[in-house]
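Undergrad: Before I ask anything, let me first share the structure, which is written out below as structure tokens.
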Amino acid sequence: MGKKKSTKNVAAPAPVPAASEVTPLLKVPSPVAQHEERGIEMQEKNPLVKPIIPEVNPSVTHVDDVIPIRQELWELSSMAVQLSLRQMVRQAMTITDSAFQGHIGTKQLAGVALAAMWMGVPSTFIQFSIQAINTLCSQAYGAGNNKLVGIWLQTAIVFAVLGSIPVIIWYFCVGHLISITMEDQETVKYGSQFAMVMALGLIPQYIYGACSTYFAAQGIIMPATFCSALTMVLNVVLNRFYIYGAFGWKGMGFIGSPLATVTSTCLQLFFFLMYTVVLKGYHKPYWGGWSRECLNKERVKVFLSLAIPMGASSVVDWASATVAGAFSGFLGPNIAASQSVLGGVFGVANSAVSGFSTSTQIRMSRYLGKGNAGAAKRVLFLGASIVFAGAIIMLCAVLTLRNHIFQIWSNDPVIIGMCTDVLLVFVICILVAFVRFLLTAVMNALSLAHINLWANNFASWIIYVPFSYLLPITWGWGLDGFWWADTYGEMFKALILLWGVSRVDWDIAAKRAQAAAEADDDAAENDAEEEKKRLLAYENEALVGRTPESYRTPSAMTPSTPYHTPSARRRARSSARSVTYTPDLAKARSKTPNPRSQA
């Protein structure tokens with residue numbers, strides 16, 4: 001009778017549709033069923049033990065799927081603020097450089113703006129490629145193979161140093177590239193000088209990117225945050241000192257600005273390694289010393305299989321912006337300088353709001369992976385509301401304080417007047433761009449990044465680039481034409497993505513995401529852990545120094561290929577796992593102690 005009674009007590013009062021639907025798809029017991037089975041077993045062994053049956057909403061499959069809306073809003077906002085602050089730190093360094101250059105002269109600002117666009121094509125390829133070790137180091141860290149974490153760092157450093165050689169050569173040729181569209185030789189000279197000096201900071205910049213990613217994979221990211229903030233302050237001081245001098249020294253003028261940036265980059269790497277390696281020794285558990293194993297053929301093959309697609313995607317994004325931006329050179333230094341100012345204003349606004357798009361993607365991915373479509377849609381609603389509200393506030397501030405904001409970059413009344421004249425189309429473009437950024441994040445969370453890729457490439461090369469020549473140059477629209485071209489491209493992307501979202505069957509998308517998450521052998525032990533990993537990856541990416549982005553327009557601001565979505569991470573883990581099945585590396589792995597197995 002004891003057994004019959006216990007069975008009756010634990011019988012579910014009502015069926016759990018979501019769990020029963022998902023279980024056949026996954027071919028594994030649902031979480032609710034697992035709780036019930038454990039409760040039955042415990043009471044069968046001891047009738048006095050009352051089974052613990054979680055109270056669940058029949059429409060969800062996990063106990064913690066639905067949290068109060070205030071808590072959801074708090075967690076979403078907290079995550080977004082972390083991401084936005086790191087974006088703003090990096091953007092502040094860009095503002096510092098362009099602001100000092102703009103106050104030196106308009107031609108200096110125009111030359112640097114054109115140079116930065118050409119510099120970005122190869123530089124971002126290396127920067128984004130290095131980010132591949134985020135997945136590889138996380139994989140090794142999660143598997144308890146501590147030595148392998150350090151080996152992947154070595155592979156990335158070797159790749160960064162060797163990859164910097166062709167990039168340096170490219171930087172020395174930037175002056176010739178600028179002269180293709182810019183006839184003013186003084187502007188070309190400033191751009192060429194800027195690129196040549198910036199080439200000196202490439203290797204420390206890339207090594208810092210690799211090291212910060214290495215520590216971020218271990219959950220250590222605050223040192224990078226503090227070092228970036230310190231570097232930002234140093235960059236202001238050094239720009240002022242190198243350009244204008246002090247204590248009787250007259251300074252170096254324009255060339256002092258890129259020298260200050262290079263010095264700041266080197267000091268950033270120095271401070272970061274001094275704290276993380278020398279003082280704290282965070283690397284010790286995950287560093288087995290320099291080894292030729294980092295050059296193993298199969299290991300390099302796996303690294304490149306992840307790195308090259310990531311880098312190639314960034315080149316596609318940057319190339320369209322570079323071609324369209326280079327057209328501004330046909331209209332003279334004033335147009336190029338004005339584009340730089342407006343791009344900088346957009347960079348500030350975007351860094352303040354972009355964190356909410358990314359946090360929306362992360363939270364949606366978490367709920368979809370748990371099979372909860374309703375919670376994912378609620379996050380989308382909250383994220384969209386915050387993004388739109390933030391965008392309106394930011395744009396109202398720009399409209400109200402436009403003269404003061406533009407004067408941060410230039411005191412030239414001609415430049416300020418040109419920027420003011422295009423403010424209407426600028427605001428329209430930014431609003432459409434923010435909508436597109438949010439929709440891009442949604443499609444990434446739904447593992448529909450192929451639609452992002454198609455829409456981004458089509459709009460960039462078929463709409464944005466041709467219109468950037470036709471409207472301002474052929475049809476004589478001037479500066480307005482560049483921003484109308486960008487607006488048309490952003491509208492097309494937003495409409496395609498909106499169409500894609502409207503056709504999504506959220507229940508099916510949730511089931512697929514849940515099936516994929518459960519099928520992943522290397523998934524995190526709980527959803528919060530997986531969410532934390534993605535957040536750390538985005539935070540680190542926001543802090544890694546790259547070619548200044550204030551010279552980019554919205555069309556190229558969001559990469560077409562996501563790097564931290566669940567599907568992308570699973571593909572990367574699948575590629576990383578292939579290393580262990582090669583004969584040479586299997587032998588190497590057998591010699592590497594696994595702390596978890598020893599424990």
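The sequence shown stops at residue 599 when you use full-length UniProt numbering, and every number in between is there. Glycine is no exception: its CB is placed at the ideal position from the N, C-alpha and C atoms.
(1) Do ILE408 and ALA99 have their beta-carbon atoms positioned less than 8 Å apart in this structure?
(2) Within 10 Å of its beta-carbon, does GLU183 have 16 or more other beta-carbons around it, so buried, or fewer, so exposed?
(3) Can you give the Cα-Cα distance for ALA494 and GLY417, rounded to whole angstroms?
(4) Let me know the alpha helix (DSSP H) ranges lying completely inside the region 231-290, each 4 residues or longer, listed in chain order.
(5) By a C-beta neighbour count over all protein chains shown, 10 Å radius and 16 as the cutoff for buried, is ILE180 buried or exposed?
(6) Output the distance between the C-alpha atoms of VAL28 and VAL89, rounded to the nearest integer angstrom.
(7) How would you write the range of the alpha helix (DSSP H) that ILE67 sits in, first residue to last?
(8) What does the Cβ neighbour count give for ASP505, buried or exposed, with the cut at 16 atoms within 10 Å?
(9) If you draw a straight line from the alpha carbon of TYR464 to that of GLY325, how long is it in whole angstroms?
(10) Chain B beta carbons: is any one of them nearer than 8 Å to that of VAL422?
(11) Would you say ALA513 and SER447 are within 8 Å of each other, going by their C-beta atoms?
(12) Check this for me: beta carbons of VAL174 and GLY191, under 8 Å apart or not?
(13) Provide the residue span of the alpha helix (DSSP H) that contains ARG292, from first to last.
(14) Count the other CB atoms, across all protein chains shown, that sit within 10 Å of the CB of GLY344; report buried if there are 16 or more and exposed otherwise.
(15) Can you give me the C-alpha to C-alpha distance between ILE462 and ALA143, rounded to a whole angstrom?
(16) Tell me the rounded alpha-carbon separation between PHE492 and ALA459.
(17) Should the region 68-77 be regarded as contacting the region 208-216, the criterion being three or more beta carbon pairs within less than 8 Å?
(18) Can you tell me whether DSSP reads ASN403 as helix, strand or coil?
(19) Taking the alpha-carbon positions, what's the THR94 to PRO223 distance?
(20) Under 8 Å, with one C-beta from each stretch per pair, do the region 278-292 and the region 149-163 reach the 3-pair mark?
(21) So, with DSSP's three-state summary, where would you put ASP317?
(22) So which of ALA455, CYS396, ALA449, LEU453 has the shortest CA-CA distance to LEU431?
(23) Could you check if ALA210 is buried or exposed, using at least 16 other CB atoms within 10 Å of its CB as the buried criterion?
(24) For ILE69, collect the residues of the same chain with a Cβ closer than 8 Å to its Cβ; drop the 5 residues on either side in sequence, then sort them by chain order.
(25) Just mark GLY281 as buried or exposed, buried being the case when its beta carbon has 16 or more other beta carbons within 10 Å.
(26) What separation, rounded to the nearest whole angstrom, lies between the Cα atoms of MET310 and ASP317?
(27) Heavy atom of the ligand HEM less than 7 Å from the Cβ of GLY390, yes or no?
(28) So, are the CB atoms of TRP483 and VAL425 less than 8 Å apart?
(29) Give a yes or no on whether the C-beta atoms belonging to THR231 and LEU202 are separated by under 8 Å.
(30) ILE178 and ALA116: beta carbons closer than 8 Å?
(31) Could you check where the alpha helix (DSSP H) with ARG503 kicks off and where it finishes?
(32) Let me know the secondary structure DSSP gives LYS147 once reduced to three states.
(33) Using only alpha-carbon positions, find the residue among SER468, GLY256, GLY248 that is nearest to ILE238.
(34) Over the uninterrupted alpha helix (DSSP H) stretch that includes TYR464, give me the two end residues.
(35) Does the beta-carbon of ASP507 have 16 or more other beta-carbons within 10 angstroms, so that it is buried, or is it exposed?
(36) Cβ atoms of TYR141 and PHE327: under 8 Å apart, would you say?
TA: In short:
(1) As a working note, residue 99 is residue 99 in the sequence shown. As a working note, residue 408 is residue 408 in the sequence shown. Pairing ALA99 with ILE408 gives a Cβ-Cβ distance under 8 Å.
(2) Mapped onto the sequence shown, residue 183 falls at position 183. Label assigned to GLU183: exposed.
(3) The count along the sequence shown starts at 1 and reaches residue 494 at position 494. The count along the sequence shown starts at 1 and reaches residue 417 at position 417. Straight-line measurement puts the Cα of GLY417 at about 30 Å from the Cα of ALA494.
(4) Counting whole runs of 4 or more residues, the region 231-290 contains the alpha helix (DSSP H) stretches 256-273.
(5) For the purposes of this step, residue 180 is taken as the residue at position 180 of the sequence shown. Burial call: exposed.
(6) Locating residue 28 in the sequence shown gives position 28, counting from the first residue. Locating residue 89 in the sequence shown gives position 89, counting from the first residue. Its pLDDT being 41, under 50, VAL28 is placed unreliably in this model, and the coordinates cannot settle the point.
(7) As a first step, residue 67 must be located in the sequence shown, where it is residue number 67. Annotation: ILE67 is outside any alpha helix (DSSP H) and is labelled neither H nor E by DSSP.
(8) If you number the sequence shown from 1, residue 505 lands on position 505. The residue is exposed, with fewer than 16 neighbouring Cβ atoms inside 10 Å.
(9) Within the sequence shown, numbered from 1, the residue matching residue 464 stands at position 464. Within the sequence shown, numbered from 1, the residue matching residue 325 stands at position 325. Between TYR464 and GLY325, the C-alpha separation is close to 11 Å.
(10) No chain B is present in this structure, which holds just one protein chain.
(11) Against the sequence shown, residue 513 aligns to sequence position 513. Against the sequence shown, residue 447 aligns to sequence position 447. Result yes, Cβ atoms of ALA513 and SER447 sit closer than 8 Å.
(12) The residue labelled residue 174 in the question sits at position 174 within the sequence shown. The residue labelled residue 191 in the question sits at position 191 within the sequence shown. GLY191 sits close to VAL174, with the two beta carbons spaced by under 8 Å.
(13) As a working mapping, residue 292 is identified with position 292 in the sequence shown. Counting along the chain, ARG292 falls outside any alpha helix (DSSP H), and DSSP gives it neither H nor E.
(14) Within the sequence shown, the letter at position 344 stands for residue 344. With at least 16 other beta carbons inside 10 angstroms of its own, GLY344 counts as buried.
(15) Numbered from 1 along the sequence shown, position 462 holds the residue referred to as residue 462. Numbered from 1 along the sequence shown, position 143 holds the residue referred to as residue 143. For ILE462 and ALA143, the distance between alpha carbons rounds to 45 Å.
(16) By one-based count along the sequence shown, residue 492 stands at place 492. By one-based count along the sequence shown, residue 459 stands at place 459. Here the alpha carbons of ALA459 and PHE492 stand approximately 6 Å from one another.
(17) Verdict: no, contact absent.
(18) Against the sequence shown, residue 403 aligns to sequence position 403. Shown here, ASN403 sits in a helix according to DSSP, grouped into three states.
(19) On the sequence shown, residue 94 is found 94 positions in, with the first residue counted as 1. On the sequence shown, residue 223 is found 223 positions in, with the first residue counted as 1. If you take the alpha carbons of THR94 and PRO223, they lie about 20 Å apart.
(20) The region 278-292 makes contact with the region 149-163: 3 or more CB pairs, one atom from each, lie closer than 8 Å.
(21) As a first step, residue 317 must be located in the sequence shown, where it is residue number 317. It is helical.
(22) Along the sequence shown, one-based indexing puts residue 431 at 431. When ALA455, CYS396, ALA449, LEU453 are compared, the shortest CA-CA separation from LEU431 is found for CYS396.
(23) Locating residue 210 in the sequence shown gives position 210, where the first residue counts as 1. Within a 10 Å sphere around the beta-carbon of ALA210 sit 16 or more other beta-carbons, which makes this residue buried.
(24) By 1-based counting over the sequence shown, the position of residue 69 is 69. Answer for ILE69: ARG378, LEU382, listed in chain order.
(25) One-based indexing of the sequence shown puts residue 281 at position 281. Counting Cβ neighbours within 10 Å, GLY281 comes out exposed, since fewer than 16 surround it.
(26) Taking the first residue of the sequence shown as 1, we reach residue 310 at position 310. Taking the first residue of the sequence shown as 1, we reach residue 317 at position 317. The alpha-carbon atoms of MET310 and ASP317 are separated by roughly 11 Å.
(27) Summarising the ligand content, the structure contains no ligands, and the ligand HEM is consequently not present.
(28) Against the sequence shown, residue 483 aligns to sequence position 483. Against the sequence shown, residue 425 aligns to sequence position 425. VAL425 is positioned such that its CB atom lies closer than 8 Å to that of TRP483.
(29) Taking the sequence shown and counting its residues from 1, one reaches residue 231 at position 231. Taking the sequence shown and counting its residues from 1, one reaches residue 202 at position 202. No; because the gap between Cβ atoms is not below 8 Å, this pair is not in contact.
(30) Numbered from 1 along the sequence shown, position 178 holds the residue referred to as residue 178. Numbered from 1 along the sequence shown, position 116 holds the residue referred to as residue 116. Contact: no.
(31) For this step, residue 503 is matched to residue 503 along the sequence shown. It is not in any alpha helix (DSSP H) - ARG503 carries neither H nor E in the DSSP assignment.
(32) For the purposes of this step, residue 147 is taken as the residue at position 147 of the sequence shown. Helix.
(33) On the sequence shown, residue 238 is found 238 positions in, with the first residue counted as 1. For the record, residue 238 in the displayed sequence is Leu; it is not Ile. That would be GLY256, whose Cα lies nearest to the Cα of LEU238.
(34) The residue labelled residue 464 in the question sits at position 464 within the sequence shown. Segment: none, TYR464 is in no alpha helix (DSSP H) and carries neither H nor E.
(35) Indexing the sequence shown from 1 puts residue 507 at position 507. In this structure ASP507 is exposed. Its beta-carbon is surrounded by fewer than 16 other beta-carbon atoms within 10 angstroms.
(36) As a first step, residue 327 must be located in the sequence shown, where it is residue number 327. As a first step, residue 141 must be located in the sequence shown, where it is residue number 141. No.
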